[in-house]
Amino acid sequence: MTILATQPVTDQQRPYRWRWAALAVLCLSLLIVVMANTALIVAAPDMTRDLNLTSAQLQWVIDGYTVPYAALMLLCGVIGDKYSRRGALLTGLLVFGGGAVFGSLADTTPAVIVARVVMGVGAAIIMPATLSLLVATFPKSERTRAIAAWAATSGLAIALGPLLAGWILESHSWSATFLINVPIAAIAAVAALILVPPSRAVGLGRIDWIGGLLSVGAIGAGVYAIINGFHFGWSAGPTVAGAAAVVGLAAFVGWELRHPQPLLDVRKLGDRTVGGATLAVLLVFLAAFGAIYFIAQQFQFVLGYGALETGVRLLPLAVAVSVGALVSGRLAPRIGLRGTVVAGMALAAAGVLLLTRADGGSGYLDFAVPLILLGLGIGIGEPPATDAIMGRFPDSDLGAAGGLNDTAIELGGSLGIAILGSILASAYKQSVAPYLDAAPLPKLSGDLAAQADLAMEVSRESVGGATIVAQELAANPLSARYAEPLHDAASVAFADAITQASLVGGLTLLVGAALVALILPGRSGS
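For the sequence shown, this note's numbering assigns the number 911 to the initial residue and increments by one for each residue that follows.
Structure (structure tokens):
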């Protein structure tokens, strides 16, 4: 085997010859990181049934990946700058693949959570490395196109995760969905050794470990507080975590402002380009992940699509992101950074706001059009925002820049699922309650009455619970006539909930677009 990339890109006089092949490896690595998050959309119901997961346990299965993923990206990006960006990529792929193998063998809830935590750590190493390697490998004249391809991969992975997981679930258990990632990680690691050139920052001093620990603590506590506080209420745990996040963030900023070589030059966030672009990335993914969260539930629980069918029906989003990224590359030179980013945000907001038209009789096409608009908005708005963030940092800080961009993506996604998901759940409970309170159930006594009360309580909690109860009612001839009215009531209630959550998400993105338009400089600004 001939190793093509033996010379660091910093030592090369001309652009790296195999840079487009290297980009394919970086995109492949990014693919599994995003797929690991979205595959749970269709795998969660099977996991819940097989492991008897409570809502809190299922949330930890999700958070086990999200919290370390968000918390560690900034520090891992800087470590890659210092020692080896390609080495960081390979390490991340190894950790991620190991966690996936362990997850495929896990048969208890704690083991699954541990596997997800390990995969989250691997993802935190991989993601900033892909972006810093991309910027280090490509000349500025080609960087916009390369970042557009990187962004399009994120959109592809959003839909590809549920699609591949759904295909596997047709004939295998949920544990096999972990194995999707293993061969891809192995191929990416081997290809990285062959095609991705070595790269690290030149003349970078000692790592700011105190700043790194403060960033990990602040971001990790913040993400935990956001997710658990909005889903389960602001009890002692989330409240203390939220307070710790605020204190940790203040300490991090104060430390970084005084440090001679900070982990992240926080003054950069005061730069109109960096600040506006970071806000745009965060808000776009807040709306996107929130919308995908409840659209997937609509497909599975209301429209009755199976895991594979749900994945297939999310594909228009992926195609639209790819098309939007291509359009963005042509649009940005003509109307500038501000015009392109704001146009993408406005288009994504239009897609989310279209979901407010949902009702109990909405079919697939009522959701396909919003998905396409949302995907186009992501594809148009994210690449120039990411390019702008990376372009404002020196070559020695590419890992920090990548960590900042990727943290904005993950934090935005966490906020979207937490806040919009909380609005969705609250609105559903409020809307379905009148029907369940007046539900024409037969008069029961003893154990049957207790089972009926439990069934109604489950139906109040979520559309998924109501769907399961309706299926159980339909299977019993004595209760079959109550199944369809329950499912119809839950469908109408969930449509009302989608309307309310979409209104908040869409308006948030529209207001955010206006703020970004004010913050980002015009063509002549700096």
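We treat Cβ as the ideally placed atom computed from N, Cα and C, and that holds for glycine.
{"Asked": "Roughly how many angstroms lie between the CA atoms of F1012 and I972, to the nearest whole one?", "Found": "16 angstroms"}
{"Asked": "Give me the residue from G1009, L1167 and T1149 with the minimum Cα distance to A1096.", "Found": "G1009"}
{"Asked": "Quick check on G1356: does DSSP put it in helix, strand or coil?", "Found": "Model confidence at G1356 stands at a pLDDT of 47, short of 50, so the residue's coordinates are unreliable and nothing is read from them."}
{"Asked": "Looking at C-beta atoms only, is the number of pairs between the region 993–1008 and the region 1155–1169 that lie closer than 8 angstroms three or more?", "Found": "no"}
{"Asked": "Apart from the five residues just before and just after L1114, which ones in its own chain have a Cβ nearer than 7 angstroms to its Cβ?", "Found": "D991, K992 and S1306"}
{"Asked": "Assuming G1239 and A1058 make a contact with CB atoms under 8 angstroms, what is their CB distance in whole Å?", "Found": "5 angstroms"}
{"Asked": "Decide if the region 1402–1422 is in contact with the region 1338–1349; the criterion is three or more beta carbon pairs, one per stretch, under 8 angstroms apart.", "Found": "yes"}
{"Asked": "Which same chain residues, not among the five before or five after L1358, have their C-beta less than 8 angstroms away from its C-beta?", "Found": "With a pLDDT of 47 at L1358, under the threshold of 50, the predicted position of this residue should be treated as unreliable, and no value is reported."}
{"Asked": "According to the Cβ coordinates, are G1234 and G1200 closer than 8 angstroms?", "Found": "no"}
{"Asked": "Figure out for me which residue from T948, G1122 and S1232 has the closest Cα to the Cα of Q1171.", "Found": "G1122"}
{"Asked": "Less than 8 angstroms separating the beta-carbons of P1038 and D1316?", "Found": "yes"}
{"Asked": "Helix, strand or coil, according to DSSP, for D1175 in the structure here?", "Found": "coil"}
{"Asked": "Cutting at 6 angstroms between CB atoms, please list the residues of its own chain near A1187, excluding the five before and the five after it.", "Found": "A1295, A1298 and I1299"}
{"Asked": "For G1180, which option in I1429, R929 and R1370 has the closest C-alpha, if you only look at C-alpha atoms?", "Found": "I1429"}
{"Asked": "Would you mind working out which of A1253, S1145 and I942 sits nearest L1066, comparing C-alpha positions?", "Found": "I942"}
{"Asked": "Write down the C-beta distance between A981 and I1129 rounded to the nearest angstrom, noting that I regard them as a contact closer than 8 angstroms.", "Found": "5 angstroms"}
{"Asked": "Looking at the structure shown, is N962 part of a helix, part of a strand, or coil, going by DSSP?", "Found": "coil"}
{"Asked": "Kindly list the residues whose CB is nearer than 6 angstroms to the CB of L1193, restricted to its own chain and excluding five residues on each side of it in sequence; keep chain order.", "Found": "L1419 and G1422"}
{"Asked": "What does the alpha-carbon distance come out to for the pair T1149 and A1135?", "Found": "7 angstroms"}
{"Asked": "Give me, in chain order, the residues of the same chain whose beta-carbon lies closer than 7 angstroms to that of V1212; leave out the 5 immediate sequence neighbours on both sides.", "Found": "V1373, S1401 and F1404"}
{"Asked": "Below 6 angstroms CB to CB, which residues in the same chain sit around L1074 once its five sequence neighbours on both sides are set aside?", "Found": "I1090"}
{"Asked": "Which whole-angstrom value is the C-beta distance of A1016 and F1204, which I expect to be below 8 angstroms?", "Found": "That belief does not hold up - the Cβ atoms of A1016 and F1204 are roughly 28 angstroms apart, past 8 angstroms."}
{"Asked": "Can you have a look at T964 and say buried or exposed, based on whether 16 or more other CB atoms are within 10 angstroms of its CB?", "Found": "exposed"}
{"Asked": "DSSP on Y1215, reduced to helix/strand/coil?", "Found": "coil"}
{"Asked": "Measure from the alpha carbon of T1266 to the alpha carbon of each residue in H1169, I1290, A1206 and G1416, then state which is nearest.", "Found": "G1416"}
{"Asked": "Cβ atoms of R1116 and S994: under 8 angstroms apart, would you say?", "Found": "no"}
{"Asked": "Mind checking which residues open and close the alpha helix (DSSP H) that includes V1373?", "Found": "V1373 to A1385"}
{"Asked": "Under three-state DSSP, which class holds T1266?", "Found": "helix"}
{"Asked": "Out of F1277, P978 and V1251, which one is the CA nearest neighbour of P1293?", "Found": "V1251"}
{"Asked": "Can you say whether T1018 is buried or exposed, counting buried as having 16 or more other CB atoms within 10 angstroms of its CB?", "Found": "exposed"}
{"Asked": "In whole angstroms, what is the alpha-carbon distance linking L985 and L1070?", "Found": "29 angstroms"}
{"Asked": "Might you give, ordered along the chain, the residues of its own chain that have their beta carbon closer than 7 angstroms to the beta carbon of A1161, omitting 5 neighbours on each side?", "Found": "L1124"}
{"Asked": "Report yes if the C-beta distance between L933 and L1044 is below 8 angstroms; otherwise report no.", "Found": "yes"}
{"Asked": "Are the beta-carbon atoms of G1254 and G1291 separated by less than 8 angstroms?", "Found": "yes"}
{"Asked": "Taking only three categories from DSSP, how would you classify E1367?", "Found": "helix"}
{"Asked": "Tell me which residues share the same chain as F1277 and place their Cβ nearer than 6 angstroms to its Cβ, disregarding the 5 neighbours each side in the sequence.", "Found": "I1205"}
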